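Visitor:
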Amino acid sequence: MSLSALLVSAFLVIAGAPSSFADPSPDPDLAQSVAAHEEWSNEASEISVGHVDLGPRLIDGQWRAGLRHDAESGAVWRDPNQTVLRVGDAAIMTAPDSADYPFLADVAGKPVYVVPQTQNPGVVWLGWNTQDPAVTATIDRGLTMRVGPVSGPGRAWLFLQSGTFGKPLLLADSGAAPGDVWIDSGTHVHANWAFSAPGTYTATVTFLGTTTAGEAVSASTTLRFAVGDAASASEALAMAAPAAASADGASASSSASSSGSVPAGSGATPAGSASSASGAASGGLPDWAFLAIIAVVAVSLLVIGALVVARSRRSHAEQAAAIAEADSILAPLPTARGDGSGEGGPGLVDRGGEQ
Numbered sequence: 004m005s006l007s008a009l010l011v012s013a014f015l016v017i018a019g020a021p022s023s024f025a026d027p028s029p030d031p032d033l034a035q036s037v038a039a040h041e042e043w044s045n046e047a048s049e050i051s052v053g054h055v056d057l058g059p060r061l062i063d064g065q066w067r068a069g070l071r072h073d074a075e076s077g078a079v080w081r082d083p084n085q086t087v088l089r090v091g092d093a094a095i096m097t098a099p100d101s102a103d104y105p106f107l108a109d110v111a112g113k114p115v116y117v118v119p120q121t122q123n124p125g126v127v128w129l130g131w132n133t134q135d136p137a138v139t140a141t142i143d144r145g146l147t148m149r150v151g152p153v154s155g156p157g158r159a160w161l162f163l164q165s166g167t168f169g170k171p172l173l174l175a176d177s178g179a180a181p182g183d184v185w186i187d188s189g190t191h192v193h194a195n196w197a198f199s200a201p202g203t204y205t206a207t208v209t210f211l212g213t214t215t216a217g218e219a220v221s222a223s224t225t226l227r228f229a230v231g232d233a234a235s236a237s238e239a240l241a242m243a244a245p246a247a248a249s250a251d252g253a254s255a256s257s258s259a260s261s262s263g264s265v266p267a268g269s270g271a272t273p274a275g276s277a278s279s280a281s282g283a284a285s286g287g288l289p290d291w292a293f294l295a296i297i298a299v300v301a302v303s304l305l306v307i308g309a310l311v312v313a314r315s316r317r318s319h320a321e322q323a324a325a326i327a328e329a330d331s332i333l334a335p336l337p338t339a340r341g342d343g344s345g346e347g348g349p350g351l352v353d354r355g356g357e358q
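When we follow the working numbering, the leftmost residue of the sequence shown carries the number 4, and every step to the right adds one.
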């Protein structure tokens, strides 16, 4: 089955936002309720089929990111660091060779492993939700889910199919910077997770939000994938988290000034980025940009001042020259000499009352 054929059958309404925006879908398969005190498990496990959601939880005042697994015995939240998501050979599909999927150009027409947006009974169905009652009661509006960095033997993508015939929306790409996805509080969403090659992968996922009291909070974890039937689950569990991500699945809950966390949807850059978190969080320019602007303005003022002074001096010099020239033209004429010779000097001649 081709990936494009499956994606066209998906229906999920999405819209743009400060970061990629994922709104809830009217799909009845996504209707669910999350109870306040569902079990949390730290036991090592492997999930190869069935429904799983990644999401934030607030447990005893601590923020955590967990995997809510719809097990036969009931829903249980699992520590992602102790859970392997098996994407078996049943997930193999042919990547579409279409201009609508430019991010898949390198694998167009080739087999890829896909956790689809619409459920395939033979493949684990991974989505996310922000439905934990403590989260919905505490978080203001919603959260940002940051996906990345991702490590593994191939390329990985996370994308949504917008509407029945809409073009796909790329949310995250292992070959690029981490991607931010805005999630309204109390929603449940599924997307397409695609892998270009079999093997073991890890992906850092961080939830960033602001409480109704104005406190910035975060919860970070690592997803672990065993892609292909032959991929080793134990190897996936043993892999180090990509980059400097948190490896214990627990979160840091603190103010923005101490943790560097920022309100969801702010478009903040990941840690280690050249842009400052403070500049990104405020929605303005980073500090270095302001300093550069101030320097340019200062230099401009100096140049303008120098031009004004030079012009002023030139004006004074021209004025003085003009006055001197006028004085030479309008200088008083010499008076006639009265020496009896009857010959006056230059100018008027005194005729001595001659009739």
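Yeah, the Cβ is synthetic: ideal placement off N, Cα and C, and Gly gets one too.
In this text the structure is predicted, and so the values were computed from the model without any measurement.
(1) Should the segment 209-221 be called in touch with the segment 161-180, which here means at least 3 C-beta pairs below 8 Å?
(2) Measuring straight from C-alpha to C-alpha, what distance separates Ala255 and Ala47?
(3) Counting only the same chain and skipping the five closest in sequence on each side, list residues whose C-beta sits under 7 Å from that of Asn45.
(4) Mark Gln134 as exposed unless 16 or more other C-beta atoms lie within 10 angstroms of its C-beta, in which case mark it buried.
(5) Roughly how many angstroms lie between the CA atoms of Arg60 and Gly77, to the nearest whole one?
(6) Could you check which residue in Val153, Trp43, Ala236, Asp176 has the C-alpha nearest to that of Asp63?
(7) Using only the alpha-carbon positions, how far apart do Glu238 and Gly155 sit?
(8) Under a Cβ-count criterion, where at least 16 other Cβ atoms within 10 Å of its own Cβ denotes burial, should His54 be classed as buried or exposed?
(9) Since Thr203 and Phe228 are thought to touch, with beta carbons under 8 Å apart, how far apart are those beta carbons, to the nearest angstrom?
(10) Confirm, please, whether the CB-CB distance from Arg89 to Val127 is below 8 Å.
(11) Within 10 angstroms of its Cβ, does Gly125 collect 16 or more other Cβ (buried), or is it exposed?
(12) Give the list of continuous beta strand (DSSP E) stretches no shorter than 3 residues that lie fully inside the segment 152-235.
(13) Do you know offhand how far Glu49's Cα is from Pro152's?
(14) What residues in its chain sit with their C-beta under 8 Å from that of Ala38, if we drop five residues either side in the sequence?
(15) Under three-state DSSP, which class holds Ala239?
(16) I'd like to confirm the pairing. Which residues does DSSP put opposite Gln65 in its beta bridges?
(17) Do Thr205 and Met242 have their beta-carbon atoms positioned less than 8 Å apart in this structure?
(18) With a CB to CB cut of under 6 Å and the five nearest residues on each side skipped, what residues in its chain are close to Lys113?
(19) Between Ala292 and Trp185, what straight-line distance do the alpha-carbon atoms span, to the nearest angstrom?
(20) Using CA atoms only, rank isn't needed, just tell me which of Phe106, His40, Ser223 is closest to Arg158.
(21) When you compare each of Ala200, Leu70, Asp232 to Trp131 by their alpha carbons, which one comes out closest?
(22) Checking 8 Å against the spacing of the C-beta atoms, do Pro171 and Leu161 come in under that value?
(23) Taking all protein chains shown into account, decide if Asp109 is buried (16 or more other Cβ within 10 angstroms of its Cβ) or exposed.
(24) Distance, Cα to Cα, Tyr104 vs Ala234?
(25) If you check the beta carbons only, do Ala93 and Val118 fall under 8 Å apart?
(26) From the DSSP secondary-structure annotation, give me the bridge partner or partners of Thr147.
(27) Let me check one thing: in DSSP terms, what residues is Asn132 bridge-paired to?
(28) What separation, rounded to the nearest whole angstrom, lies between the Cα atoms of Asp176 and Gly145?
Guide: If we stick to the structure as given:
(1) no
(2) Here Ala255 scores only 36 on pLDDT, less than 50, and its place in the model should not be relied on; the value that follows carries that caveat. Computed Cα separation, rounded: 23 Å.
(3) Asp82, Gln85
(4) buried
(5) 17 Å
(6) Trp43
(7) Those two C-alpha atoms are separated by around 12 Å.
(8) buried
(9) 7 Å
(10) yes
(11) exposed
(12) 159-164, 171-176, 182-187, 191-193, 195-198, 202-214, 219-230
(13) 22 Å
(14) Ala78, Pro136
(15) In the three-state reduction of the DSSP assignment, Ala239 falls in the helix class, which pools H, G and I.
(16) Ile62
(17) In this structure, Thr205 lies closer than 8 Å to Met242 by Cβ.
(18) Ala98
(19) For Ala292, the pLDDT reaches just 48, beneath the cut-off of 50, and the residue's location in the model is therefore unreliable, although a value from the coordinates is still provided. Approximately 27 Å between the Cα atoms of the pair.
(20) Comparing Cα-Cα distances from Arg158 to each of Phe106, His40, Ser223, the minimum goes to Phe106.
(21) Leu70
(22) no
(23) Under a 10 Å Cβ-count criterion, Asp109 is classified as exposed, with fewer than 16 other Cβ atoms of the shown protein chains found around its own Cβ.
(24) 27 Å
(25) In this structure, Val118 does not lie closer than 8 Å to Ala93 by Cβ.
(26) Trp185, Leu211
(27) DSSP lists His191 as partners of Asn132.
(28) 23 Å
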